[in-house]
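Each residue of the sequence shown is one higher than the one before, starting from 899 at the first, in the working numbering.
Read the structure below first, then the notes.
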Amino acid sequence: MIMIALIRFVDAQPLLLNVDCGTTGAAKGYLGLTWAGEEQYVRSGESARVRKDHPQIPVLNTLRYFPTGKKNCYTFPGVGQGIKIIARASFYNGNYDGLSSPPTFDVFLNGNFWGSFVRKDVYRNQLLESIYITKADDISVCLIRTYPTDIPFINAFEIRELDQSMYSSMDIHRPLHVSVRLAYASPNFIRYNVAILNYHCSFSFSISLASAT
């Protein structure tokens, strides 16, 4: 068995992982960042390309979908325990299957319910984003089928390590979940200048929700 880990050193840069689902290898692209292929993180599902490209976020133009099994997971080993991270999952159907009807499914982060994908418009993307303190060395993201005919999918997954001084008052057992992030009166995405964050739009509202184990 081959184990591929995210090796971190004391003096190294903060952990930064960008996974472009539905691709292999690594390439520099969106936001000037290096995006890794998914082959070392998942063992099930099939890759596809959307029928209509996303107008602003090119990494959403490929995806992995899971036509079999109730539960399919990505595993990211070697992240580290007790690390404060931003975890972000991106979903954009893009009518990849030609059905013009996106599915509904649940998403779990490290065994805890993270959110549900419920979207009526195949050409609108959805994000799940949380600030989370890791409880184990590995991180898992699982897509759970909720209806027999609905097929879960995912386009991208990102991890950003935060300095421990940020959000210092947060409960280590309760992640902060982004509720909404808006850029009022702007027709375009607005990105914070520090590449380690890569926030889209101007500000966000975060609330503490379900506990994490």
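No residue lacks a Cβ here, since even glycine has one placed at the ideal position from N, Cα and C.
Range covered by the beta strand (DSSP E) that runs through residue i
| i | result |
| --- | --- |
| residue 972 | 969 to 974 |
| residue 987 | 982 to 989 |
Cβ of residue i within 7 Å of any chain D Cβ
| i | result |
| --- | --- |
| residue 916 | Chain labels in this structure do not include chain D; a single protein chain is all it has. |
Through-space distance from residue j to residue i, alpha-carbon basis
| i | j | result |
| --- | --- | --- |
| residue 989 | residue 920 | 12 Å |
| residue 959 | residue 1073 | 29 Å |
| residue 1005 | residue 1038 | 10 Å |
| residue 993 | residue 1018 | 11 Å |
| residue 922 | residue 945 | 10 Å |
| residue 964 | residue 997 | 16 Å |
| residue 984 | residue 1067 | 16 Å |
| residue 1049 | residue 1002 | 8 Å |
| residue 1085 | residue 954 | 11 Å |
| residue 972 | residue 1082 | 35 Å |
| residue 902 | residue 975 | With a pLDDT of 40 at residue 902, under the threshold of 50, the modelled position of that residue is not reliable, and no figure is offered here. |
| residue 1063 | residue 981 | 12 Å |
| residue 1022 | residue 1080 | 15 Å |
| residue 986 | residue 949 | 23 Å |
| residue 941 | residue 1040 | 12 Å |
| residue 1107 | residue 999 | Low per-residue confidence applies at residue 1107: pLDDT is 38, beneath 50, and the placement is therefore not dependable, though the value from the model is reported in the following sentence. In a straight line, the C-alpha of residue 1107 is about 30 Å away from that of residue 999. |
| residue 1065 | residue 1051 | 31 Å |
| residue 1071 | residue 1020 | 35 Å |
| residue 1034 | residue 977 | 8 Å |
| residue 951 | residue 1047 | 25 Å |
| residue 915 | residue 947 | 22 Å |
| residue 930 | residue 1057 | 16 Å |
| residue 995 | residue 1069 | 41 Å |
| residue 926 | residue 1061 | 25 Å |
Nearest to residue i (by Cα), restricted to the options the options
| i | options | result |
| --- | --- | --- |
| residue 1045 | 913, 969, 943, 1010 | 969 |
| residue 1078 | 1038, 1025, 965 | 1025 |
| residue 1075 | 1085, 1049, 1035, 1030 | 1030 |
| residue 937 | 949, 930, 924 | 924 |
| residue 1053 | 962, 986, 1000, 954 | 962 |
| residue 934 | 1021, 917, 1036 | 917 |
| residue 943 | 1059, 1047, 967 | 967 |
| residue 1013 | 1061, 947, 941, 1043 | 1043 |
| residue 1009 | 1036, 1000, 1069, 1016 | 1036 |
| residue 1007 | 995, 951, 1055, 947 | 1055 |
| residue 1016 | 947, 991, 995 | 991 |
Rounded Cβ spacing between residue i and residue j (contact assumed at less than 8 Å)
| i | j | result |
| --- | --- | --- |
| residue 957 | residue 939 | Actually they are not in contact, since the Cβ atoms of residue 957 and residue 939 sit about 15 Å apart, beyond 8 Å. |
| residue 1032 | residue 979 | 6 Å |
| residue 1027 | residue 913 | Not really, about 16 Å apart at Cβ, beyond 8 Å. |
Would you mind listing the beta strand (DSSP E) stretches within the region 916 to 980 that are 3+ residues and don't spill past its ends, in chain order? 924 to 926, 932 to 934, 944 to 947, 960 to 963, 969 to 974
List in chain order: all unbroken beta strand (DSSP E) runs of 3+ residues lying wholly within the region 1007 to 1074. 1010 to 1016, 1024 to 1031, 1037 to 1043, 1054 to 1059
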